[in-house]
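Numbering (the numbering used here), first residue to last: 1 to 490. The beta-carbon is built from N, C-alpha and C at its ideal position, and this holds for glycine as well. Fair warning: this is a prediction, and the values are worked out from it, not measured in the lab.
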Amino acid sequence: MAHSFFAFIIYYVVSSIIAYGRLRDFPGPLIGRFSYIWLISNARSGRPAEHFTNLNRKHGSLVRIGPNDLVTDDPDILRRMNAARSPYGRSSWYDTTKLNPHEDSLFSLRDTGAHDKLKAKCAAGYAGKENLALEDGINSQVAGFVDLIKRKYVTTDDEVRPMDLGKTTQYFTLDVITRVAYGKEFGYLATDSDVHDYISTTEAAIPLLQLCSEVPWLASFMFSKPVLGAVGPKHTDKSGLGKLMGVAKEVVGRRFGTDAKEEPDMLGAFIRHGVSQSECETEVLFQIIAGSDTTATAIRTTFLHLITSPRAYHTLKTEISTAIIQGRISSPITYEEGKTLPYLQAIIYEGLRMCAPFTGLCAKEVPAGGDTIDGHFVPGGTRIAQNVWGTLRRADVFGKDADLFRPERWIEADAATKDKMQKTTELAFGYGRWGCAGKNVAFLELNKVFVELLRNFEFQILDPAKPWHSVNHNLFMQDNFWVKVTEHKD
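Right, here's the structure in full:
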């Protein structure tokens, strides 16, 4: 036993010295040069993106955060790593980004060739090109959101009916993605509840998945065959991730049954383009988290900034009311109509910018021969992580007041500046080969939900001193966002 312990100490010291030397030219937390302690502490803080941003602002666009890890907030570096023909590939960070830990999804696939083939098969489904009722499906869920508020949460002269806008917004985005993906919503809005315990399950799993993705030795242990075999989720489980795997298996199984019919939804498009049954099960599971949590964060964060910024709130309300009076928007508003409202677009982009909905590091691996970035050589095999939160708050792109919610920046900017800001903000959806396949659906939702809620209701924060509870573990968990809702009166 003593010999084993002594051997471990020697191994740790030698490996730490080697690790230190690899990236010694890059600044960052001292302890991060030798170990993953800084990354572990940062992940547990619940505010990792803010801490990465502080590091980039202090040390520059490439900062060392681990023995083999750098982080960047530079949009040009992000585009360089993620471009369609970039020699960079996905790093080991992606190995643990699976809700079903036994199978890869489009998001977790590291083999570039396999990823590109699967993405080609899934492209039409994610883009909604074969779902002629895509917008109508989203409209029905917007109507369901409005109906839920009218049924349960409109405050009257006799009764205040607090609504957790954090939870109800996620119910809305969950019903949207299940409707457009499988042709039938799961009923979160109708029941005003966490159907299949999706929210509680993912909120329990996400912090551990974040830690595993950032700490290689922890990932190697937690995702080893013995551990997964002993305690890993199974589709027969009655709770946890296994239960969600079972739901996905059931949904897909019906589409591959002997009496199955072709359906004009996302899953139907996958099947028509040759996605296998097991691949569909994995994509179905990933769709729910990718298509609901991120969009819910964008909506919730934008609403928080909007409600607490009277000038922006009333400017948007006025734009909506004027468009209604002039007959320029329908009920519900269409996507194309929404794009003609300049202040609505400013609100959408400024809301996305203030809080990148997904802050995962999405680390790419430097190609074998290494790379030279900003005059510094980066050895092959190094993981370079993205700090999109910091990217969307860069003063050289968005102005000296980049930390301030100010939609007017989008109205005031000249064409070139606005184009630069817009392309940088859209890095929240990834870029190039690894870009988010469901971006179109997200923008459809964002162009509808603010208009339809604000044309029907007025919103007020119930506790300005503590407006909500928000914790970040790559995805945001946001609840206790208590608001008072009253009916809008012309």
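Between which two residues does the beta strand (DSSP E) carrying residue i extend?
{"i": "Ile65", "result": "62 to 66"}
{"i": "Lys484", "result": "482 to 487"}
{"i": "His473", "result": "469 to 473"}
Rounded to whole angstroms, what's the CA-CA distance from residue i to residue j? Just pull it up for me.
{"i": "Ala363", "j": "Ser91", "result": "6 Å"}
{"i": "Asp147", "j": "Thr178", "result": "18 Å"}
{"i": "Leu244", "j": "Phe145", "result": "24 Å"}
{"i": "Gly232", "j": "Ser45", "result": "26 Å"}
{"i": "Phe223", "j": "Glu283", "result": "20 Å"}
{"i": "Val483", "j": "Val176", "result": "22 Å"}
{"i": "Trp468", "j": "Cys355", "result": "15 Å"}
{"i": "Val485", "j": "Leu306", "result": "14 Å"}
{"i": "Tyr182", "j": "Val142", "result": "17 Å"}
{"i": "Thr202", "j": "Asp414", "result": "42 Å"}
{"i": "Phe476", "j": "Glu445", "result": "18 Å"}
{"i": "Arg151", "j": "Met266", "result": "31 Å"}
{"i": "Trp389", "j": "Thr97", "result": "19 Å"}
{"i": "Asn139", "j": "Pro332", "result": "7 Å"}
{"i": "Leu78", "j": "Gly399", "result": "20 Å"}
{"i": "Met81", "j": "Ala385", "result": "10 Å"}
{"i": "His51", "j": "Leu30", "result": "15 Å"}
{"i": "Val397", "j": "Lys420", "result": "7 Å"}
{"i": "Thr318", "j": "Val451", "result": "11 Å"}
{"i": "Gly89", "j": "Gly125", "result": "25 Å"}
{"i": "Asn456", "j": "Phe303", "result": "15 Å"}
{"i": "Asn100", "j": "Ile320", "result": "43 Å"}
{"i": "Ile289", "j": "Phe429", "result": "14 Å"}
Got a sec, what are the start and stop residues for the alpha helix (DSSP H) residue i sits in?
{"i": "Asp69", "result": "Asp69 -> not in any alpha helix (DSSP H); beta strand (DSSP E) instead, spanning 69 to 72."}
{"i": "Asp116", "result": "112 to 127"}
{"i": "Lys167", "result": "165 to 182"}
{"i": "Gly46", "result": "Per DSSP, Gly46 belongs to no alpha helix (DSSP H) and is neither H nor E."}
{"i": "Ser91", "result": "Counting along the chain, Ser91 falls outside any alpha helix (DSSP H), and DSSP gives it neither H nor E."}
{"i": "Arg151", "result": "134 to 152"}
{"i": "Val215", "result": "Per DSSP, Val215 belongs to no alpha helix (DSSP H) and is neither H nor E."}
{"i": "Asn131", "result": "First-last for Asn131: undefined, no H or E at that position."}
{"i": "Pro75", "result": "75 to 82"}
{"i": "Thr236", "result": "Premise fails: Thr236 is in no alpha helix (DSSP H) and is neither H nor E."}
{"i": "Lys400", "result": "Segment: none, Lys400 is in no alpha helix (DSSP H) and carries neither H nor E."}
{"i": "Lys225", "result": "225 to 231"}
{"i": "Tyr188", "result": "188 to 191"}
Give me the Cβ distance between residue i and residue j, rounded to the nearest whole Å; I'm assuming they're in contact under 8 Å.
{"i": "Arg57", "j": "Asn472", "result": "That belief does not hold up - the Cβ atoms of Arg57 and Asn472 are roughly 18 Å apart, past 8 Å."}
{"i": "Thr425", "j": "Leu352", "result": "6 Å"}
{"i": "Phe26", "j": "Arg64", "result": "4 Å"}
{"i": "Leu228", "j": "His102", "result": "7 Å"}
{"i": "Asp401", "j": "Arg393", "result": "Going by Cβ atoms, the distance from Asp401 to Arg393 rounds to 10 Å, so no, they are not a contact pair."}
{"i": "Gly291", "j": "Val441", "result": "7 Å"}
{"i": "Thr191", "j": "Ile299", "result": "Actually they do not touch by this definition, with Cβ atoms about 20 Å apart."}
{"i": "Leu23", "j": "Thr382", "result": "7 Å"}
{"i": "Leu39", "j": "Gly66", "result": "5 Å"}
{"i": "Pro379", "j": "Val366", "result": "7 Å"}
{"i": "Ala296", "j": "Leu241", "result": "With 8 Å as the limit, Ala296 and Leu241 do not qualify as a contact, their Cβ atoms being about 19 Å apart."}
{"i": "His488", "j": "Leu62", "result": "Going by Cβ atoms, the distance from His488 to Leu62 rounds to 49 Å, so no, they are not a contact pair."}
{"i": "Leu208", "j": "Val180", "result": "The Cβ separation is near 29 Å, so there is no contact."}
{"i": "Ala269", "j": "Glu130", "result": "4 Å"}
For residue i, would you say it is in contact with chain C, using Cβ-to-Cβ distances shorter than 7 Å as the test?
{"i": "Phe145", "result": "Absent from the structure is chain C; it holds one protein chain and no more."}
Are the region 264 to 275 and the region 323 to 331 touching by the rule of at least three beta carbon pairs closer than 8 Å? no
Report yes or no: do three or more beta-carbon pairs, one from the region 331 to 342 and one from the region 62 to 76, lie closer than 8 Å? no
3-residue-minimum beta strand (DSSP E) runs that sit fully inside the region 307 to 389, ordered along the chain: 371 to 373, 376 to 378, 383 to 386
Three-pair Cβ contact test at 8 Å for the region 346 to 361 versus the region 305 to 323: yes
Restricting to runs no shorter than 4 residues, where is the alpha helix (DSSP H) found entirely within the region 417 to 460? 439 to 456
To test your reading of the DSSP string, which unbroken alpha helix (DSSP H) runs of 4 or more residues are found completely within the region 239 to 321? 240 to 255, 266 to 272, 277 to 307
For the 8 Å Cβ check, are there 3 or more pairs between the region 428 to 437 and the region 162 to 170? no
Evaluate the contact criterion for the region 204 to 223 versus the region 189 to 196: three or more CB pairs, one atom per stretch, below 8 Å. no
Inter-stretch contact at 8 Å, needing at least 3 Cβ pairs: the region 278 to 293 / the region 249 to 257: yes
Does the region 449 to 460 come within contact of the region 107 to 114, defined as at least 3 CB pairs closer than 8 Å? no
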